[in-house]
Every structure is written in C-alpha cells, then in structure tokens.
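Input: a single structure, listed below in structure tokens.
Residue numbers (the working numbering): 37 to 270.
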C-alpha cells in the first residue's frame, strides 16, 4: 500500500498543488486547510507522515504537532513548512520532536526528497524493532532504536526519533568526527546546498542537554575545531 501523507496548510493553492504532486508520485494524500480539520481527518485515517505549515490561523502547526503527537504517538514523522524568517519556530518544532523542515519558497522535488528520506528512516526504525536485532553497544552505553532509549552505564535517557537517528550514526562511527554537512547527507539524506543547518544544530544541542552533565562543556558529544562533531565515550 502507498504511504499516506497528511498535508495541512491554510494556503489553499499550495495545499492543492502538494496534493496533486504527491498523488502523481504515488502517495495517498489527506489534505486539510486548518488544524481542526486535520484532527478530524486523522480520527478516521491514520497518516504515515504529516507535512504541516507552521503559521496558520486558529491552531498553528506547532499546536497541531502537539495534538497529533498526543493522539498518534511520537513515531508519526512530521515535516514543517516555514518561511525563512520563521526559523525560531523551526527550532521550537524540532524541540517538539519534528523530523525535518522545508523553507518556503521551495521546489516540489525538494519536499518530495525530504519525504522519501524521512520515510526511509522510519522504515529502518521499523526494521530495527524486529525481534532478534540487537541494540547498539559502545563501551558501557547501549542504544535500543526500537524504544528510542539510550542507557548510559545504567542511566536511561529517552530520545526522540531524530535524536536516535543521529546517535545511531555516531555509535556506528564512534570516535570519528563529522561536519554538519556530512551529517545532513549521511544521516538525513540532504543534498549539498539544500539547507538543514538548524536540524543539525538543534539536534546536537538537545542531545547534549540529555546526555551531558554540563551541555556548555560537553564531555561525550564534542565539537572539534575545523573537523566537526564526534562522540567519545570513555
């Protein structure tokens, strides 16, 4: 069955354009023009991914994200649409557990590529939840992608799906440094020059707040000058 995409945007022409493009790409599409309509639709049909405009009258995209998370759980992938001068809202959205964002104006192939990338990561996470697959282990740290839980030597830490994506990558490449551009490409499938800097910056910040004793002086998730970010577990 094709993946079902929920599109929510109060710009009717844009929402209809996205609906047409996604249907041509082979997706099943639900379209709503405000948050309340989106909640009504999802009460009847559960989407595989949601594309939400941030700025809408009444219930905005951030409020809708919270409502969808409460109803459908943290596993529902969410991509935000935002204007370039609304990146502060993007940070809030990523803090809420959103998976990605696209800035307006954008070309439809860019959004479609982001959707494919997020769905691909979700498919990996579903495979990781199959019985018999072992958690990742680095020294006394254990990460279970099935539950989004990192155990730091007996201290459990709950991660979001996006944080789990990044931690899986770092644990597979323990002790290696990667630039933000490399992480965007390898972890999230971004092509060069297509943005996404806030995704790396916010996810790194949020991980540090969860795993470091002092996020301002990180011990584990370090920044190496001119090299990038590196996970180093003692």
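Yeah, the Cβ is synthetic: ideal placement off N, Cα and C, and Gly gets one too.
Taking C-beta to C-beta, are residue 62 and residue 93 nearer than 7 Å?
Here residue 62 refers to the residue found at position 26 when the chain shown is read from its first residue. Here residue 93 refers to the residue found at position 57 when the chain shown is read from its first residue. No, these two residues do not count as a Cβ contact at 7 Å.
Below 6 Å CB to CB, which residues in the same chain sit around residue 245 once its five sequence neighbours on both sides are set aside?
One-based indexing of the chain shown puts residue 245 at position 209. Within the same chain, residue 245 has close Cβ partners 251.
Using only CA atoms, which one of 57, 42, 206, 213 lies nearest to residue 259?
In the chain shown, counting from the first residue as 1, residue 259 sits at position 223. Residue 213 is the option with its Cα nearest to residue 259.
Could you tell me the boundaries of the beta strand (DSSP E) in which residue 269 lies?
Here residue 269 refers to the residue found at position 233 of the chain shown. Segment: none, residue 269 is in no beta strand (DSSP E) and carries neither H nor E.
Please state whether the Cβ-Cβ distance between residue 321 and residue 74 is less than 7 Å.
For the chain, the structure presents residues 37 to 270; residue 321 sits outside this window and is missing.
Could you tell me whether the Cβ atoms of residue 193 and residue 216 are closer together than 7 Å?
Walking along the chain shown from the start, residue 193 turns up at place 157. Walking along the chain shown from the start, residue 216 turns up at place 180. No, Cβ-Cβ distance for residue 193 and residue 216 is not below 7 Å.
Using 8 Å as the threshold, is the segment 101-108 in touch with the segment 135-142, meaning 3 or more CB pairs across them?
These segments do not touch.
What residues in its chain sit with their C-beta under 8 Å from that of residue 70, if we drop five residues either side in the sequence?
On the chain shown, residue 70 is found 34 positions in, with the first residue counted as 1. Closer than 8 Å at Cβ, skipping near neighbours: 44, 46, 92, 93, 94, 95.
Could you tell me whether the segment 199-207 touches the segment 170-182, where touching means 3 or more Cβ pairs closer than 8 Å?
Yes, the segment 199-207 touches the segment 170-182.
How about residue 86 and residue 114: are their beta carbons less than 7 Å apart?
Along the chain shown, one-based indexing puts residue 86 at 50. Along the chain shown, one-based indexing puts residue 114 at 78. Cβ distance < 7 Å, so residue 86 and residue 114 count as in contact.
When the Cα of residue 143 is compared with those of 129, 117, 157, 131, which residue comes out closest?
Numbered from its first residue, the chain shown carries residue 143 at position 107. That would be 117, whose Cα lies nearest to the Cα of residue 143.
Restricting to Cα atoms, I'd like to know which of 100, 151, 171 is closest to residue 226.
Taking the first residue of the chain shown as position 1, residue 226 is located at position 190. The shortest C-alpha separation from residue 226 is found at 151.
Using CA coordinates, which residue listed in 153, 89, 140, 149 is at the minimum distance from residue 57?
As a first step, residue 57 is located in the chain shown; it is residue number 21 there, counting from the start. Measuring from the Cα of residue 57, the nearest candidate turns out to be 149.
Could you check how far apart the C-beta atoms of residue 242 and residue 185 are, in whole angstroms? I think they sit under 8 Å.
Position 206 of the chain shown, counted from the start, is the residue given in the question as residue 242. Position 149 of the chain shown, counted from the start, is the residue given in the question as residue 185. Contact flag wrong, Cβ pair sits at about 15 Å.
Any idea what DSSP makes of residue 205, helix, strand or coil?
Here residue 205 corresponds to residue number 169 of the chain shown, with the count starting at 1. Helix at residue 205.
Please report the distance separating the alpha-carbon of residue 131 from that of residue 100.
The residue given as residue 131 occupies position 95 in the chain shown. The residue given as residue 100 occupies position 64 in the chain shown. Their Cα atoms are separated by approximately 14 Å.
With residue 265 and residue 219 assumed to form a contact (beta carbons below 8 Å), what rounded beta-carbon distance in angstroms separates them?
Residue 265 sits at position 229 when you count from the first residue of the chain shown. Residue 219 sits at position 183 when you count from the first residue of the chain shown. Sure, about 7 Å apart at Cβ, within 8 Å.
For the beta strand (DSSP E) that contains residue 191, what are its first and last residues?
Stepping through the chain shown from its first residue, residue 191 is reached at position 155. Counting along the chain, the beta strand (DSSP E) containing residue 191 begins and ends at 191-194.
Going by DSSP, what residues sit across from residue 137 in a beta bridge?
Locating residue 137 in the chain shown gives position 101, counting from the first residue. DSSP, once it has assigned bridges, lists 116 as partnering residue 137.
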